[in-house]
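Student: Structure in structure tokens, see below.
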Amino acid sequence: MTAPLVPGAQLRHGRVSLALSFFVQGAVFALLVTRIPAIQDRYGISDGLLPAFLAAVPVLAGVGSVVTEQLVKRVRPSRVLRCVQPLVCLALLAVGSVGSMAQVAVALAVFGLAVGALDASMNMLGVSLQRACGRSIMLGFHAAYSLGGIVGASLAWAGAHWKLSLGLLYGPVVAVLVPLAVVVGRWFVDQRDVAGPGPVQPAEAAAGAPSAPGIPSAPVAPAAPAALVAPVAMRLLLPLCLVMAFAYIGDSTVSNWSAKYLQDVLGSSEQLATVPYNVYMVTTLLGRAVGDLGVRRFGAVAVVRCGTVVAAAGFAVVAAAPGAWAGMAGFTLLGLGLCVIVPQTFAAAGRYAYDSRGAGASDMAIARLNIFNYVGFLIGSPLVGALGDAWSYRGAMLVPMALVLVTLVYARSFGAPRAGYGDRHERPRTADVG
Numbered sequence: 001m002t003a004p005l006v007p008g009a010q011l012r013h014g015r016v017s018l019a020l021s022f023f024v025q026g027a028v029f030a031l032l033v034t035r036i037p038a039i040q041d042r043y044g045i046s047d048g049l050l051p052a053f054l055a056a057v058p059v060l061a062g063v064g065s066v067v068t069e070q071l072v073k074r075v076r077p078s079r080v081l082r083c084v085q086p087l088v089c090l091a092l093l094a095v096g097s098v099g100s101m102a103q104v105a106v107a108l109a110v111f112g113l114a115v116g117a118l119d120a121s122m123n124m125l126g127v128s129l130q131r132a133c134g135r136s137i138m139l140g141f142h143a144a145y146s147l148g149g150i151v152g153a154s155l156a157w158a159g160a161h162w163k164l165s166l167g168l169l170y171g172p173v174v175a176v177l178v179p180l181a182v183v184v185g186r187w188f189v190d191q192r193d194v195a196g197p198g199p200v201q202p203a204e205a206a207a208g209a210p211s212a213p214g215i216p217s218a219p220v221a222p223a224a225p226a227a228l229v230a231p232v233a234m235r236l237l238l239p240l241c242l243v244m245a246f247a248y249i250g251d252s253t254v255s256n257w258s259a260k261y262l263q264d265v266l267g268s269s270e271q272l273a274t275v276p277y278n279v280y281m282v283t284t285l286l287g288r289a290v291g292d293l294g295v296r297r298f299g300a301v302a303v304v305r306c307g308t309v310v311a312a313a314g315f316a317v318v319a320a321a322p323g324a325w326a327g328m329a330g331f332t333l334l335g336l337g338l339c340v341i342v343p344q345t346f347a348a349a350g351r352y353a354y355d356s357r358g359a360g361a362s363d364m365a366i367a368r369l370n371i372f373n374y375v376g377f378l379i380g381s382p383l384v385g386a387l388g389d390a391w392s393y394r395g396a397m398l399v400p401m402a403l404v405l406v407t408l409v410y411a412r413s414f415g416a417p418r419a420g421y422g423d424r425h426e427r428p429r430t431a432d433v434g
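Position 97 of the sequence shown, counting from 1, maps to 97 under UniProt numbering, and the rest follow consecutively.
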């Protein structure tokens, strides 16, 4: 079968293939994190050693993202993604199938390094496709990731319910996902495959949105190969890096503490305590599924501000909840609010770097920003746990709330030139994407 050559069809196939890639990654990651207790039992990892194993994955993922920043100067992000996605799937299988603690440590290390490269390259392709399409589609890719997470968590639940070994659970799933990843990889589309609009010219930049705090207007550099493009200074990306880290602190608070909070603080049953994270995942999926429509209609800045306020309200409801059902309502608001921030942060960083220095700089900026995904993940769970033990878990919920609210300070950073898409904000499209 030959990959499509017509630009409009090429973009459509690129969108579908990348969405499937996000779905695969969501399923694989959920299958790993939801079976951590089973992995611990299988390999005899002590409670004292487990945090080191868990922390090593995001640390190595950050290393993988740094390596990818250098790699994409010479290799297309699509090629990186084609290579690392099957590797991530096979590393998951190894985690469930090897025979010793040392071997599972190696498997987790490979998983972490490959995930960092995968997350960075997936989002590079997503941002470049959005640029080529001329309308907001980034939230749709992350919705596919959320759907994959729900499917992966459901498969993990079935494996635990039927008492399947990790190898028996992971084996058939990987046997399906690896060929899928290989096949869809043939239709990935880089910015270099389908030309989108070039960097904003000075006259266009002057007519666009005003400079964001911490992200001033930069002179336009002529197009150059990625290996020759100077990266955007880290200090200029710092507002978006902080937003990314704070969003993931909020996300990790929900994933790591929602069950304990509902059961120990709000007095729910053990069964009900498992529901908030599932509700959070479903509302995250729903919010991302419709989020692109909001960006097209109202612009990225308005959507990010709205999501921030809703997320902060969710934390406030959780902290003040008199009972379990009120707490559930708070976690529902958290899913609806937080879900829009991360995809729009990637889009804003890529857009700013592209408008300043071109496609190569956009890829490098996304790789740098991706590191703060793992920074937030590493900080969030220990931070809430320490505050809960030293103070109270209700009070601890106010800290990620305050951090998420910082996004309002930097909301204008999402309004770089060409930030608007849709009915009132969309620029003319460069290709018919259906």
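Heads up, the beta-carbon is just placed ideally off N, CA and C, and yes, glycines get one too.
All values derive from a computational prediction rather than experimental measurement.
1. Can you tell me whether V16 is buried or exposed, with buried defined as 16 or more other CB within 10 angstroms of its CB?
2. Between which residues of its own chain and L60 is the CB-CB distance below 6 Å, once the five residues before and five after are set aside?
3. Closest by CA to V178, which one among T308, A348, L20?
4. Measure the C-alpha to C-alpha separation of F246 and A396 and round it to an integer number of angstroms.
5. Taking L31 as the reference, which of S146, S100, G126 has the closest Cα?
6. Hey, would you say residue 439 sits closer than 9 Å to G159, going by beta carbons?
7. Please tell me whether F188 and G14 are closer than 9 Å, where the distance is taken between their beta carbons.
8. Taking 8 Å as the cut-off, does the region 356-364 touch the region 67-84 (at least 3 CB pairs, one atom from each stretch)?
9. In this structure, does DSSP put W187 in helix, strand or coil?
10. In three-state terms, what does DSSP make of I137?
11. Exposed or buried, which one is P37 when buried takes at least 16 other CB atoms within 10 Å?
12. Ignore the nearest five residues each way along the sequence and tell me which others in H142's own chain have a CB closer than 6 Å to its CB.
13. Thinking A240 and L369 are a contact (beta carbons under 8 Å), I'd like their distance in whole angstroms, please.
14. Here's a check: name, in chain order, each residue in its chain whose Cβ is nearer than 6 Å to the Cβ of T284, leaving out the five neighbours to either side.
15. Return the chain-ordered list of same chain residues with a C-beta closer than 7 Å to the C-beta of T274, the five sequence neighbours on each side being excluded.
16. How about V174 and T308: are their beta carbons less than 9 Å apart?
17. Grab the span of the alpha helix (DSSP H) containing R79 for me, first residue to last.
18. Would you decide whether Q130 is buried or exposed? Buried here means 16 or more other CB atoms lie within 10 Å of its CB.
19. Between S78, P172, L92, P231, which has its C-alpha nearest S356's C-alpha?
20. So S128 and D190 are supposed to be a Cβ contact under 8 Å. How far apart are they, rounded?
21. On the premise that L378 lies in contact with P58, defined as a C-beta separation below 8 Å, what is that separation, rounded to the nearest angstrom?
22. Taking the alpha carbon of Q25 as the point to measure from, which residue in E69, L11, A55, Q85 has its own alpha carbon closest?
23. Where does L164 sit, in a helix, a strand or coil, going by DSSP?
24. Roughly how many angstroms separate the alpha carbons of R12 and S165, rounded to a whole number?
25. Start and end of the alpha helix (DSSP H) containing T308?
26. Since A300 contacts F414 with CB under 8 Å, what's their CB separation in whole angstroms?
27. Determine the DSSP secondary structure at E244, reduced to helix, strand or coil.
28. Rounded to whole angstroms, what's the CA-CA distance from residue 455 to D264? Just pull it up for me.
29. Helix, strand or coil: how does DSSP classify R131 here?
30. Hey, how far is the Cα of V433 from the Cα of V282?
31. With 16 other CB atoms within 10 Å as the buried threshold, where does A419 fall?
32. Please say whether S268 and L262 have beta carbons closer to each other than 9 Å?
33. Buried or exposed: where does A386 fall if 16 or more other Cβ atoms within 10 Å of its Cβ makes it buried?
34. Hey, quick one: how far does the alpha helix (DSSP H) through S362 stretch, first residue to last?
35. Quick check: what's the CA-CA separation for R82 versus A353?
36. Assuming T253 contacts G337 under a Cβ cut-off of 8 Å, what Cβ separation, rounded to an integer in Å, is found between them?
Tutor: With the given structure in hand:
1. exposed
2. A109, G112, L113
3. L20
4. 14 Å
5. S146
6. Absent from the structure is residue 439, since the part of the chain shown begins at 1 and ends at 434.
7. yes
8. yes
9. helix
10. coil
11. exposed
12. R288, P343
13. It is worth fixing the name first, because residue 240 is Leu in this sequence and not Ala. About 6 Å separates the two Cβ atoms, so the contact holds.
14. S146, G335, C339
15. A259
16. no
17. 77-97
18. buried
19. P231
20. 6 Å
21. 5 Å
22. Q85
23. coil
24. 39 Å
25. 300-320
26. 4 Å
27. A small fix is needed here, since residue 244 is Met in this sequence, not Glu. Helix, per DSSP.
28. Shown here, the chain extends from 1 to 434; a query on residue 455 therefore has no answer.
29. helix
30. Since pLDDT at V433 reaches only 30, below the 50 mark, its modelled position is unreliable, and the value read off the structure follows with that caveat. Going from the Cα of V433 to the Cα of V282 covers about 28 Å.
31. Confidence at A419 is low in this model, with a pLDDT of 42, below 50, so the placement of that residue is unreliable and no value is reported for it.
32. yes
33. exposed
34. 359-390
35. 24 Å
36. At roughly 13 Å, the Cβ-Cβ gap does not stay under 8 Å, so T253 and G337 are not in contact.
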